[in-house]
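*Asks:*
Numbering (this note's numbering), first residue to last: 15 to 406.
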């Protein structure tokens, strides 16, 4: 092989290579040669990106809980197939303010093949997104929906075949999808659900769950009217008889996660799970935003936000996440899970200091080293300058 010294290389030769390459591109066919790659076609079906869907039906479960049946606007297409437990993000344009909110799919994967998703939404006081959805989503409304996302799913290589599902309130929806998948035969494992809610009136999916339980012995439901305790979880293990191990799937409000985390040693001990296996056998799905838990900091700080060639300046609170501040100030910021897991909102911190709770810091080591952060679980401590990716 010929060796060259860097100083003797002719840069004009590189320009000739570029011209040769452009000529080859111009002469090449614009399509794929031969048959299409099946893997590429499958990838397009499973990961189509954001698509327009139609609200084809609105189901009123209670005064503050509704389900929406979503079908494709383009009726020649079908929704992407998904794994039970995943969610979709709905993109909302509220008076020019672009918001994204994740909602677990409460229908089964098999029902996506029939042409629809079902998402279930609880209305919250002063909830900007839910208020908009309740006031504007009607039959025939066009909504933009992401492809299915998330990792709160059963994986036979990782999880036990015996699962305790701990659901608080609307945290029942991904577990309801799992229960349906088991009943339909698309997932093969046992599931005992602890359905925690304020009372029988709040168990809005009780009838559906009871029907599933009547059709398969692999799904059981125990209703907890009040707060779920360690004893409830331990007692649920008895439904699996002599099973060697169990997995615990937890989905619900922030208070439920804090309780499970605070009692994790006791839960591991009573379920005979070794400490080093905690993250394998106790799994969380969190759409709840983090809360500030560090020491004193100023009430307000200055934000400088860069999106491509645009710069925005404003004051924002330090007791809410950076993502929430961006949304409150009409910055069109990307977001997905809102819990620090998906990385969809990944942004570059150019200057300033932030606080990131350790339990929700899902960044890669390289991102941490080079000052990338997830705005959904980061809090400003000082004035900050941030570079945010633009929404396509």
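Yeah, the Cβ is synthetic: ideal placement off N, Cα and C, and Gly gets one too.
Predicted model only: the values in this text are computed from it and were never measured.
Quick one: is residue 39 near chain D, going by C-beta distance under 8 Å?
*Replies:* Reference to chain D is not applicable here, since this structure consists of a single protein chain.
*Asks:* Just checking my contact of residue 84 with residue 147 at CB under 8 Å: how many whole Å lie between their CB atoms?
*Replies:* At roughly 12 Å, the Cβ-Cβ gap does not stay under 8 Å, so residue 84 and residue 147 are not in contact.
*Asks:* Do you know offhand how far residue 210's Cα is from residue 318's?
*Replies:* 42 Å
*Asks:* So for residue 280, helix, strand or coil by DSSP?
*Replies:* In the three-state reduction of the DSSP assignment, residue 280 falls in the helix class.
*Asks:* Looking only at its own chain, which residues have a Cβ that is under 6 Å from the Cβ of residue 322, when we skip the five neighbours before and after it?
*Replies:* If we look at residue 322 and ignore the five residues flanking it on each side, its Cβ neighbours are 404.
*Asks:* Tell me where the beta strand (DSSP E) around residue 255 begins and ends.
*Replies:* Per DSSP, residue 255 belongs to no beta strand (DSSP E) and is neither H nor E.
*Asks:* Compare the Cα-Cα distances from residue 140 to each of 180, 78, 112 and report the closest residue.
*Replies:* Out of 180, 78, 112, 78 has the C-alpha closest to the C-alpha of residue 140.
*Asks:* Whole angstroms is fine: what's the gap from residue 160's alpha carbon to residue 238's?
*Replies:* 33 Å
*Asks:* Pairs of beta-carbons, one from the region 91-107 and one from the region 150-166, closer than 8 Å: are there three or more?
*Replies:* yes
*Asks:* Below 8 Å on the Cβ atoms is my contact criterion, and I expect residue 5 with residue 339 to pass it. Report the Cβ-Cβ distance as a whole number of Å.
*Replies:* The structure shown does not extend to residue 5, since the chain is modelled only from 15 to 406, so the question has no answer here.
*Asks:* Roughly how many whole angstroms lie between the Cα atoms of residue 390 and residue 285?
*Replies:* 33 Å
*Asks:* Can you give me the start and stop residues for the alpha helix (DSSP H) that residue 227 sits inside?
*Replies:* 220-229
*Asks:* According to the neighbour-count rule (16 or more other Cβ atoms, all chains shown, within 10 Å of its Cβ), is residue 116 buried or exposed?
*Replies:* Per the 10 Å Cβ criterion, buried.
*Asks:* Let me confirm a value: residue 192 is counted as buried when at least 16 other C-beta atoms fall within 10 Å, else exposed. Which label applies?
*Replies:* buried
*Asks:* If you check the beta carbons only, do residue 361 and residue 386 fall under 8 Å apart?
*Replies:* yes
*Asks:* How should residue 196 be labelled, buried or exposed, when 16 other C-beta atoms within 10 angstroms of its C-beta is the threshold for buried?
*Replies:* buried
*Asks:* Who does residue 365 pair with in a DSSP beta bridge?
*Replies:* 399
*Asks:* DSSP three-state label for residue 171, please.
*Replies:* Of the three classes helix, strand and coil, the one that applies to residue 171 here is coil, per DSSP.
*Asks:* Within 8 Å, do at least three Cβ pairs link the region 258-267 to the region 176-183?
*Replies:* The answer is yes - the region 258-267 touches the region 176-183, with three or more Cβ pairs under 8 Å.
*Asks:* Which residue marks the beginning of the alpha helix (DSSP H) containing residue 202, and which one marks its end?
*Replies:* Note, residue 202: premise wrong, no alpha helix (DSSP H); not H, not E.
*Asks:* Out of 168, 174, 288, 72, which one is the CA nearest neighbour of residue 188?
*Replies:* 168
*Asks:* Looking only at its own chain, which residues have a Cβ that is under 6 Å from the Cβ of residue 468, when we skip the five neighbours before and after it?
*Replies:* With the chain covering only 15 through 406, there is no way to say anything about residue 468.
*Asks:* Measure the Cβ-Cβ separation of residue 68 and residue 156 and say whether it is below 8 Å.
*Replies:* Yes, they are a contact pair.
*Asks:* Report, in whole angstroms, the separation of the C-beta atoms of residue 398 and residue 366, which I expect to be a contact under 8 Å.
*Replies:* 3 Å
*Asks:* Can you check whether the CB of residue 251 is closer than 8 Å to the CB of residue 178?
*Replies:* yes
*Asks:* Is the distance from the Cβ of residue 275 to the Cβ of residue 373 below 8 Å?
*Replies:* Residue 275 places its beta carbon less than 8 Å from that of residue 373.
*Asks:* For residue 39 and residue 99, which I take to be in contact (beta-carbon distance under 8 Å), what is that distance rounded to the nearest angstrom?
*Replies:* Actually they do not touch by this definition, with Cβ atoms about 43 Å apart.
*Asks:* Are the CB atoms of residue 205 and residue 232 within a distance shorter than 8 Å?
*Replies:* yes
*Asks:* Verify whether the separation of the beta carbon atoms of residue 101 and residue 76 is less than 8 Å.
*Replies:* no
*Asks:* From residue 354 to residue 375, what distance separates their C-alpha atoms?
*Replies:* Counting only the Cα atoms, residue 375 lies some 6 Å from residue 354.
*Asks:* Please determine, among 171, 111, 31, the residue with the shortest C-alpha to C-alpha distance to residue 294.
*Replies:* 171
*Asks:* Should residue 394 be labelled buried (16 or more other beta-carbon atoms within 10 Å of its own) or exposed?
*Replies:* Result: buried.
*Asks:* Kindly indicate which three-state DSSP category residue 318 falls into: helix, strand or coil?
*Replies:* DSSP places residue 318 in strand when its eight states are reduced to three.
*Asks:* For residue 313, which of 335, 327, 297 has the nearest alpha-carbon?
*Replies:* 335
*Asks:* Going along the chain, which residues of its own chain have a beta-carbon closer than 7 Å to the beta-carbon of residue 143, five neighbours each way excluded?
*Replies:* 106, 113, 115
*Asks:* Using 8 Å as the threshold, is the C-beta distance between residue 324 and residue 316 below it?
*Replies:* no
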